[in-house]
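Asks:
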Amino acid sequence: QMVNYMEGTGSWFDISARDADQFVDYGDDFQWKDGYDTLITYLKESIPDSAVKLSSPVCKIFWDEPAEERVLVVTLTGDAYLASHVIVTASVAHLQERHTHIFHPALPQSLVNALMVVLWAGEHTHNTRYSTVDGAMETGKHEALKIISKLKPSSSSVLVEH
Numbered sequence: 001q002m003v004n005y006m007e008g009t010g011s012w013f014d015i016s017a018r019d020a021d022q023f024v025d026y027g028d029d030f031q032w033k034d035g036y037d038t039l040i041t042y043l044k045e046s047i048p049d050s051a052v053k054l055s056s057p058v059c060k061i062f063w064d065e066p067a068e069e070r071v072l073v074v075t076l077t078g079d080a081y082l083a084s085h086v087i088v089t090a091s092v093a094h095l096q097e098r099h100t101h102i103f104h105p106a107l108p109q110s111l112v113n114a115l116m117v118v119l120w121a122g123e124h125t126h127n128t129r130y131s132t133v134d135g136a137m138e139t140g141k142h143e144a145l146k147i148i149s150k151l152k153p154s155s156s157s158v159l160v161e162h
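Each residue of the sequence shown is one higher than the one before, starting from 1 at the first, in the UniProt record's numbering.
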């Protein structure tokens, strides 16, 4: 039953024997009483509602504004906001593809270089362990191997064990 719960399945018949055999229990699960909303609620407590702009797609971020180290954010509708801090929640792939169009002036080359090798791993990206922390660990290991392969000559090999 534990494997079914961890794998997000309703029956042993919904998981392959190979995947069930590879199941590793990494310990206790932790849940917040009201879910992740608890974290968002806590973070929002110090931010006035008037400072939060939802459903406002951003097209430009002028991050090097001389006016008291402020950031100018321009939305698709043309609205502009001057802020001391901006939280960007775009996907890694979107930033990799569009950073030259979004950020003005251009991001420093060292940051662009780092952005280009950022890969994504998470529990919802594993093909069978989509609802578990070990799914995140497995995809993290997979992405780490991709990074290592980019850094090392193709003739070398790396063994990662857990």
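Built from N, CA and C at the ideal position, the CB exists for glycine as well.
What is the C-beta distance between V86 and A80, in whole angstroms, given that I count them as a contact (C-beta under 8 Å)?
Replies: At roughly 12 Å, the Cβ-Cβ gap does not stay under 8 Å, so V86 and A80 are not in contact.
Asks: Within a Cβ cutoff of 6 Å, which residues of the same chain sit near L76, ignoring the five residues on either side of it in sequence?
Replies: Once the five neighbours on either side are set aside, the close Cβ partners of L76 are P57 and C59.
Asks: Kindly indicate the opening and closing residues of the beta strand (DSSP E) around V74.
Replies: R70 to T75
Asks: Along the alpha helix (DSSP H) that carries L39, what are the first and last residues, could you check?
Replies: In the DSSP annotation of this structure, the continuous segment of the alpha helix (DSSP H) that includes L39 starts and ends at D37 to K44.
Asks: Per DSSP, which residues does A80 bridge with? Please list them.
Replies: V74
Asks: Rounded to whole angstroms, what's the CA-CA distance from L43 to L82? Just pull it up for me.
Replies: Taking the CA atoms as reference points, L43 sits about 21 Å from L82.
Asks: Roughly how many angstroms separate the alpha carbons of V158 and A144, rounded to a whole number?
Replies: Confidence at V158 is low in this model, with a pLDDT of 46, below 50, so its placement is unreliable and the value that follows should be read with caution. Taking the straight line joining both Cα atoms gives about 10 Å.
Asks: Take L119 and list the residues in its own chain whose beta-carbon comes closer than 8 Å to its own, dropping the five residues that flank it on each side.
Replies: The answer, listed in chain order, is V92, E143, K146 and I147.
Asks: Got a sec, what are the start and stop residues for the alpha helix (DSSP H) T100 sits in?
Replies: V92 to I102
Asks: Between the beta-carbon of H104 and the beta-carbon of V112, is there less than 8 Å?
Replies: no
Asks: Spatial neighbours of W115 within its chain, please: CB distance less than 8 Å, with the 5 preceding and 5 following residues excluded, ordered by chain position.
Replies: The identity of residue 115 in the sequence shown is Leu, whereas the question assumes Trp. Counting only Cβ-Cβ distances below 8 Å, and skipping sequence neighbours, we find V92, L95, Q96, H99 and L107.
Asks: Can you list, in chain order, the residues of its chain with a C-beta nearer than 6 Å to that of I102? Leave out the 5 residues immediately preceding and following it.
Replies: Taken in chain order, the residues that qualify are I61.
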